[in-house]
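In what follows, a single structure is set out as structure tokens and then discussed.
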Amino acid sequence: MSIAVPSGRARSSRGFNLRQGLRRVVEAAVTPLEIDDVLDVFHPLRRGAELRGRIVEVRPETTEAATIVIKPGRDWAGHQPGQYVRMGVDVDGVRLWRTYSLTHGPRPDGCISITVKAIPDGVVSHYLVHRSRPGQMIQLAQAQGEFVLPQPVPAKLLLVTAGSGITPVIGMLRNLFSRSEPFRGDIVLLHSAMTRDAVIFGPELRGYAARGLIRLVELHTDRHGLLDVADLDELVPDLAERTAYACGPAGLLDALEEHYASRELLLNTERFRPVTVEPGEGGTVSFADGRTVDADGATPILDAAEGAGVLMPSGCRMGICMGCVLPMKEGAVRDLRNGAITVAVPGETGPGGVPIQTCINAAAGPCHLDH
Amino acid sequence: MTAITKKPENPTAHLTPEDIEQLGIELDAIRQDVLDDRGARDAAYIRRIVDVQRRLELASRAVLLGSALPPLWVLGTVGLSVAKILENMEIGHNVMHGQWDWMRDPKIHSTTWEWDNASTAEGWKHSHNEIHHTYTNIVGKDNDLGYGIMRVDEDQRWHPMYLAQPLWNLINACFFEYGIAAYDLELGKNLSVPKEKRSETFKANAKKTLKKIRKQATKDYVVNPALAIPFGGFLPTVAANFTANLVRNVWSHSVIMCGHFPEGVETFERSAIPDNETRGEWYLRQMLGSANISGSKAMHLMTGNLSHQIEHHLFPDLPSNRYAEVAPRVQALFEKYDLNYHAAPLRQQVYSAWHKVVRLSLPNGWLATTNAKNLPSQAKLLWAMTTKGPKVRRAAAARLQQQARKQAAAA
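Chains as they are written, first to last, in this note's numbering: chain A, 296 to 666; chain B, 3 to 413.
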């Protein structure tokens, strides 16, 4: 008696089962931990781990900006120059998420880099520029973003950047010029910064200009004032022929978009979201099912929601048992015990939002709870 | 102990409501100081403890593969016991209290943590964080007072079944994790309900707990021993895991007994707690209802800093590594408000707690009125109280208490 089995197929499915079986045995041996918890102790950057990275170098660019080179985990799926990455950084022990442009194209050493400018009151940017050190771990998400050059790269480009708006663009330039056959197109880079010394990547950009790779127009606010869109035609006479990319503060981008729209030209922009949530008194609390509840600034969200008929998890009602914790996806709340404000900005929280205790927090503006 | 309001001298009688509110404000200030300073140092602490615990557990389990050799058995068992104690006490208990939620790390968070214990994190968080920490030491409300199977307060009426409570307590200590699981489920109360009338919540929770117990037992008594089979270590590994669980159970039971059971810790009458208890009043109840264990740094670590039970009960959500730091300030407040800061070495507190378990296994006043001379008549009385029904019991109990009072007055 013989049973014919297509061998390749059988082996792969048996291999699969063996793997699954082995996994179940190991899982049973380490419960209540998961295999990943155990492997993380030894190899946090392995394939299959949650995506993280290890800082390998912190290189000052100006007094207020630094490049952070990061070795990403094995599952890093790569990126295109101009894209950005979301990262969770532990600042004073608290994990805060921010988004930064990647300032290199794919590198031979597999590392990625971001360049951060310390902005006033910027908790994470200050930490990264002044306090981060090689060896520290950070959480990563995969690269994202549409602010990338098309393929093939257009022959004539205009890049308009201001301040840290240079960061996605430097990635594009480095990628173009590090090819074995450097890009030989016609690129104009119009960059605005506070002073000559404050130009991030200043020497590098000037180096590209000296080698004739780009035409660099630097505008220093201390001498030339802010970039005025009205001057664009004078600075770049063939503007209409150039594929345009712009990145910088909202005011500049708004003016540029208006300028381009009025001429029916196309402009690609990248906006860095301003992180300003002004906490107020009370607000509307919305829930995943679409229900909304008006909550004043002195009533715990738990009480307000229950008063409006929402079924809420609850416990001690005095802030000690953590039985009422729910993830806040967006908004601001105030701890009624000591006035401490907790803010959740989409894109700047962990994947699940910021967990808050609803029994001792009152709304400090509109909030969205994932419940 | 007797509920504080029934005592001839209430230890809080000298405090005005204003004092109590001021006390609350001063304790809030201590809490706020820690919150303001909480940061990278604390995060590094808990991450290091978690890392050390995991390495220790893995290393111990690896050593136990060779547990057929007695020295390896001893080494692995000691390591595994310490690892399990650290996991339950300094990590699990404190993470599930939300002490580390502020880090916003989903891997070390009260909402995601599951511990190496028979009881489920969910069940434990309810019975411990919510009930015990909110209603600490209120007779009839805080089930941690005797876990519903023991008499640990004079105000609990004596019944002959309590004669066996030293034995119950010993058994509970050895199998403490299952005791906690049963207790989280309120098993006694729920099983007394006819099967078809039991609540859906109870049934669901019981199912979850059974699943947890099965997984835990599979790990300790099947999978890990099976891995040692090639080295001839199946049975030694089973024994090692059993021993480590036993050590962990007895240790955590002892530490927890020391937190609220030693002589001199106050209890409270349900009816004496106002409906709208103020923050100051709640703080005061926590201050009087807990006892500390004094000792070395290593001892504090192994108790999960529950040796700072008073500080933990005042600030259950502050990181455990901070309790030792705030203890002097808390103690100064006890002195300022003329309250008893109850702290003693482990051996003394364990003895005191056990002494109470034995003393209260007998009717009130029995032990105090018994001496070598009257032992036969006292034994006879106890026998009568045990066998002759409630009427005799009540009369004898009243007489005993009267005698004890007289004796105390004479002394």
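Note that the Cβ used here is the ideal one computed from N, Cα and C, for glycine as well.
Judged by DSSP secondary structure, B:Phe178 falls within the alpha helix (DSSP H) whose first and last residues are 178-186. Taking A:Val588 as reference, the option from A:Glu576, A:Ser475, A:Thr564, A:Gly604 with the minimal CA-CA separation is A:Gly604. Contact annotation: in the region 317-334 of chain A, residues whose CB is within less than 8 Å of a CB in chain B are Val320, Ala323, Ala324, Val325, Thr326, Pro327, Leu328, Asp332, Val333. Chain A has a Cβ within less than 9 Å of the Cβ of B:Trp104. At a cut-off of 9 Å between beta carbons, A:Asn656 makes no contact with chain B.
With contacts defined by Cβ atoms closer than 9 Å, A:Asp335 and A:Glu345 form a contacting pair. Here B:His344 is buried, its C-beta having at least 16 other C-beta atoms within 10 Å. Counting along the chain, the unbroken alpha helix (DSSP H) around B:Cys260 starts and ends at 236-262. Residue pairing by DSSP places A:Ile407 opposite A:Ile365 in a beta bridge. Within chain A, the residues placing a beta-carbon under 7 Å from that of B:Gly41 are Asp387, Gly388, ordered along the chain. Contacts with chain A (Cβ-Cβ distance below 8 Å) from the region 289-322 of chain B involve Pro318, Asp319, listed in chain order. In this structure, the CA atom of A:Gly602 is about 11 Å from the CA atom of A:Pro595.
With its beta carbon less than 9 Å from one in chain A, B:Gln218 belongs to the interface. In the structure shown, A:Leu560 adopts coil according to DSSP, grouped into three states. Residue nearest to A:Glu359 within the set A:Gly507, A:Ala488, A:Gly440 is A:Ala488 (criterion: CA-CA distance).
Residues of the region 616-627 of chain A whose Cβ lies closer than 7 Å to any Cβ of chain B, in chain order: Cys616, Met617, Gly618, Val620.
Runs of alpha helix (DSSP H) with 4 or more residues, each lying fully within the region 90-126 of chain B, are found at 123-126, listed in chain order. Between A:Gln315 and chain B, the shortest Cβ-Cβ separation is not below 9 Å. Look at the beta carbons and you see the region 245-254 of chain B touching the region 161-177 of chain B: at least three pairs across the two are nearer than 8 Å.
Here A:Tyr395 carries a strand assignment [DSSP, helix/strand/coil]. Using a Cβ-Cβ cut-off of 9 Å, A:Met382 is close to nothing in chain B; its nearest Cβ partner there is about 14 Å away. The count of Cβ pairs closer than 8 Å, one atom from the region 456-476 of chain A and one from the region 381-392 of chain A, stays below three, leaving the stretches out of contact. In summary, no residue of the region 346-368 of chain A has a CB separated from any CB of chain B by less than 7 Å. By the rule that beta-carbons nearer than 9 Å mark a contact, A:Cys611 touches chain B. When Cβ-Cβ separations below 9 Å define contact, B:Met91 makes no contact with chain A. Taking a C-beta distance under 9 Å as the contact criterion, A:Glu356 and A:Val364 do not qualify as a contact pair. A direct Cα-Cα distance of roughly 36 Å separates A:Arg319 from B:Ile133.
In the DSSP assignment, A:Asn656 falls outside any alpha helix (DSSP H) and lies within the beta strand (DSSP E) extending over 656-658. Pairwise C-beta distances place the region 427-436 of chain A out of contact with the region 446-462 of chain A, as fewer than three of them are shorter than 8 Å. Contact check for A:Val380 and A:Tyr395: beta-carbon distance about 6 Å, within the 8 Å limit, so the pair qualifies. Between the alpha carbons of A:Asn656 and A:Gly577 lies a distance of about 10 Å. When DSSP assignments are scanned along the region 596-642 of chain A, the uninterrupted stretches of beta strand (DSSP E) that are 3 or more residues long and fall wholly within it turn out to be 620-630, 636-639. Taking all protein chains shown into account, B:Val195 has fewer than 16 neighbouring C-beta atoms within 10 Å of its C-beta and is therefore exposed.
Counting C-beta pairs closer than 8 Å gives fewer than three between the region 223-239 of chain B and the region 94-110 of chain B, which falls short of the contact rule.
Along the region 24-40 of chain B, the positions whose C-beta sits under 9 Å from a C-beta of chain A are Asp30, Arg33, Gln34, Leu37, Arg40, read in chain order.
With respect to chain A, the C-beta atom of B:Arg56 has a partner C-beta closer than 9 Å.
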